[in-house]
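Here the sequence shown is numbered in numbering that gives the first Met the number 0, starting from 0 and rising by one per residue. All C-beta atoms in this analysis are idealised placements derived from N, C-alpha and C, irrespective of residue type, glycine included.
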Amino acid sequence: MAKSPLILAALAKDAVPQLDFVQAMPLTLGHGGHFDSAVLTATDGKHYVIRQANNVEAELELDTEAVVLRALSPLRSHFPFEITRQLGETKDAKGKRALLYTYVYGEPIDFTNRPGTSVLSTSIANALAAIHSLPLSVVENNGLPAFTAEQIIRDLTAELDRFAQTGRISAVLLNRWERALEDVNIWRFQPTVIHGSANLNNFLVLDEGISAVLGWHTLKIGDPATDFAMVQGIASDDFSYSTLLEYEKIKGADQNFRARAQLYAEFDLGRYLIWALAHDASAIADAQKYLDDLVADIEAGLVSAIGPKPLGTDSAVLGDAGFMGEVSGGFVESSRDGFLGGADSGFAVAYDEATPLQSPVGLVEAGQAIVSDDLLVNPLQEERDPTEANSGSMFAPIVDSSYNHKNLFGETGPIPQVSDATAPIEIVGEDLAADSQTELVDDATAPITLPKLDEPKAGDLF
Numbered sequence: 000m001a002k003s004p005l006i007l008a009a010l011a012k013d014a015v016p017q018l019d020f021v022q023a024m025p026l027t028l029g030h031g032g033h034f035d036s037a038v039l040t041a042t043d044g045k046h047y048v049i050r051q052a053n054n055v056e057a058e059l060e061l062d063t064e065a066v067v068l069r070a071l072s073p074l075r076s077h078f079p080f081e082i083t084r085q086l087g088e089t090k091d092a093k094g095k096r097a098l099l100y101t102y103v104y105g106e107p108i109d110f111t112n113r114p115g116t117s118v119l120s121t122s123i124a125n126a127l128a129a130i131h132s133l134p135l136s137v138v139e140n141n142g143l144p145a146f147t148a149e150q151i152i153r154d155l156t157a158e159l160d161r162f163a164q165t166g167r168i169s170a171v172l173l174n175r176w177e178r179a180l181e182d183v184n185i186w187r188f189q190p191t192v193i194h195g196s197a198n199l200n201n202f203l204v205l206d207e208g209i210s211a212v213l214g215w216h217t218l219k220i221g222d223p224a225t226d227f228a229m230v231q232g233i234a235s236d237d238f239s240y241s242t243l244l245e246y247e248k249i250k251g252a253d254q255n256f257r258a259r260a261q262l263y264a265e266f267d268l269g270r271y272l273i274w275a276l277a278h279d280a281s282a283i284a285d286a287q288k289y290l291d292d293l294v295a296d297i298e299a300g301l302v303s304a305i306g307p308k309p310l311g312t313d314s315a316v317l318g319d320a321g322f323m324g325e326v327s328g329g330f331v332e333s334s335r336d337g338f339l340g341g342a343d344s345g346f347a348v349a350y351d352e353a354t355p356l357q358s359p360v361g362l363v364e365a366g367q368a369i370v371s372d373d374l375l376v377n378p379l380q381e382e383r384d385p386t387e388a389n390s391g392s393m394f395a396p397i398v399d400s401s402y403n404h405k406n407l408f409g410e411t412g413p414i415p416q417v418s419d420a421t422a423p424i425e426i427v428g429e430d431l432a433a434d435s436q437t438e439l440v441d442d443a444t445a446p447i448t449l450p451k452l453d454e455p456k457a458g459d460l461f
């Protein structure tokens with residue numbers, strides 16, 4: 000049974016006694032998910048998030064994210080977007096940890112009808128380039144994973160074997176992917192720090208710019224093209240082209256970058272089938288359809304072979320959309336027949352309980368086994384003024400694309416009152432008040448020049 004928002008609010012108060020809360024809204028999904036979460040409104044109108052893990056795997060995810068947020072704290076000025084801050088933690092009567100974070104504002108990226116001239120392409124390029132320019136020591140000094148090209152190929156090959164064992168994936172795709180894995184030229188790249196879970200729900204947008212990035216528990220050293228697969232596989236070819244052009248202005252050219260991003264995006268379709276076979280039989284037909292559509296596009300010459308492609312060369316074209324189609328409400332929508340691939344989280348299409356959920360858009364690193372399941376309906380409506388009662392942009396959904404769970408949308412119900420909104424506001428300490436301030440770069444859409452970063456020093460905290 001999901002923990003009451005009132006109980007979570009009490010835990011948040013225990014974690015940071017200086018704060019008093021007047022509203023609490025449930026964020027954990029009502030299907031026995033891995034986390035209990037709530038968004039809390041303090042007496043000063045600011046918003047916070049409290050999360051508590053329900054199993055060992057979820058606890059590991061929270062622990063990992065805490066390590067990453069601590070490591071990134073002295074480097075926050077390097078990013079052209081906001082990162083949530085962990086403000087405190089406590090334990091309930093059973094000894095289970097609960098962590099309190101600042102609330103970050105923004106809506107999940109929607110690539111629908113994004114032309115190549117959209118300023119969002121520059122903002123995405125800036126965001127990815129900033130992450131990929133982090134010192135390797137951020138990962139190495141904190142016990143986070145690091146993968147070479149050889150290790151990535153080995154993991155993808157093992158994954159390809161699992162795809163073949165299903166008997167459901169066409170030989171056209173299996174042979175296509177095998178050839179790409181055997182092409183040594185594609186895999187000549189310099190590993191960098193990567194986000195590792197770059198998907199629509201972790202990269203948030205306000206005013207046509209990336210406003211915040213979530214999901215930092217997957218930070219690692221690996222192939223930077225992994226993070227670009229979100230754009231390559233979902234956005235229009237023009238948008239993908241523009242974004243990569245802006246990215247290369249900052250990070251330099253890699254003629255194999257788009258090829259690897261294409262492979263990662265296509266692998267994601269196979270991963271969705273694997274998840275559907277193991278967890279949700281009702282989603283198998285949808286997963287199969289995405290794969291069959293890709294095969295049809297390849298055979299029709301709409302999708303070229305995976306290999307080195309200079310900018311300007313089509314890689315995955317289906318009309319004006321990428322091979323996976325455009326996106327509606329955070330899920331794939333087929334550009335072939337207008338099929339709506341999933342429920343909406345309050346962004347574009349009304350949720351219909353009778354409609355089965357389809358493929359979540361997102362990327363999965365080979366061998367990744369993350370358990371996040373907080374795909375959340377925004378309880379704060381659309382206003383972003385924190386002084387208003389129903390303030391806030393979309394609450395940033397904390398979600399991962401490992402497909403280890405079924406994403407459902409639960410009813411939120413009325414806002415429970417935690418305390419009297421007219422009660423005196425307790426003064427928050429200066430350090431806490433500073434932590435709760437937004438640190439957005441003035442112009443997130445202009446190309447950036449990344450400065451040389453100082454290595455984090457021992458003792459640097461949040």
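Environment of residue i [buried if 16+ CB atoms lie within 10 Å]
i	result
Leu135	exposed
Lys93	exposed
Asp441	In this prediction, Asp441 has a pLDDT of 42, which is less than 50 and means its spatial position is unreliable; nothing more can be read from the coordinates.
Lys90	exposed
Arg113	buried
Arg161	exposed
Gln22	buried
Ser76	exposed
Asp206	exposed
Ala41	buried
Pro4	buried
Ser281	exposed
Rounded straight-line distance, which links the Cα of residue j to that of residue i
i	j	result
Ile152	Glu247	24 angstroms
Asp109	Ile82	20 angstroms
Lys12	Ala97	11 angstroms
Thr63	Phe20	27 angstroms
Leu199	Ala1	26 angstroms
Ala148	Thr165	26 angstroms
Arg178	Trp186	12 angstroms
Leu71	Val171	43 angstroms
Gly142	Ile220	11 angstroms
Leu86	Met24	19 angstroms
Ser239	Tyr263	15 angstroms
Arg175	Val294	10 angstroms
Leu121	Thr242	The sequence given here places Thr at residue 121; Leu does not occur at that position. Answer to the nearest angstrom: the Cα atoms are 6 angstroms apart.
Ile305	Ala260	10 angstroms
Tyr100	Ile49	6 angstroms
Leu133	Arg84	18 angstroms
Phe188	Val15	45 angstroms
Phe394	Val204	Only weak support exists for where Phe394 lies, its pLDDT of 33 falling under 50; the coordinates are left without a value.
Gly251	Ile130	15 angstroms
Leu180	Phe202	28 angstroms
Val103	Gly300	43 angstroms
Ala284	Leu10	43 angstroms
Val55	Ala65	15 angstroms
Leu119	Glu106	13 angstroms
Leu26	Ser36	5 angstroms
Glu245	Glu88	40 angstroms
Ala224	Asn53	33 angstroms
Ile233	Thr111	9 angstroms
Ala297	Ala275	Note on residue identity: the sequence assigns Ile, not Ala, to residue 297. Answer to the nearest angstrom: the Cα atoms are 24 angstroms apart.
Ala8	Ala286	39 angstroms
C-beta atoms of residue i and residue j nearer than 8 angstroms
i	j	result
His194	Asp226	yes
Tyr47	Leu59	no
Leu218	Val183	no
Ile6	Ala128	no
Ala211	Phe80	yes
Phe78	Gln51	no
Phe266	Glu158	yes
Phe256	Pro190	no
Ala163	Leu155	no
Asp237	Gly115	yes
Asp290	Ser169	The amino acid occupying residue 290 in the given sequence is Leu; Asp does not appear at that position. Yes.
Residue span of the beta strand (DSSP E) that contains residue i, given as start and end
i	result
Glu88	Gln85 to Lys90
Ser169	Here Ser169 belongs to no beta strand (DSSP E), and DSSP marks it neither H nor E.
Phe34	Phe34 to Ala41
Phe20	Phe20 to Pro25
Lys95	It is not in any beta strand (DSSP E) - Lys95 carries neither H nor E in the DSSP assignment.
Gly269	Here Gly269 belongs to no beta strand (DSSP E); instead the alpha helix (DSSP H) covers Phe256 to His278.
Ile220	Lys219 to Gly221
Residue span of the alpha helix (DSSP H) that contains residue i, given as start and end
i	result
Phe227	Ala224 to Ile233
Lys12	Pro4 to Ala14
Arg50	Arg50 -> not in any alpha helix (DSSP H); beta strand (DSSP E) instead, spanning His46 to Ala52.
Ile283	Ile283 to Glu298
Asn125	Leu119 to His131
Practice task
Would you list, in sequence order, the uninterrupted beta strand (DSSP E) runs of no fewer than 3 residues that lie entirely inside the region 162-215?
Solution key: 191-193, 202-205 and 208-212, all fully within the region 162-215.
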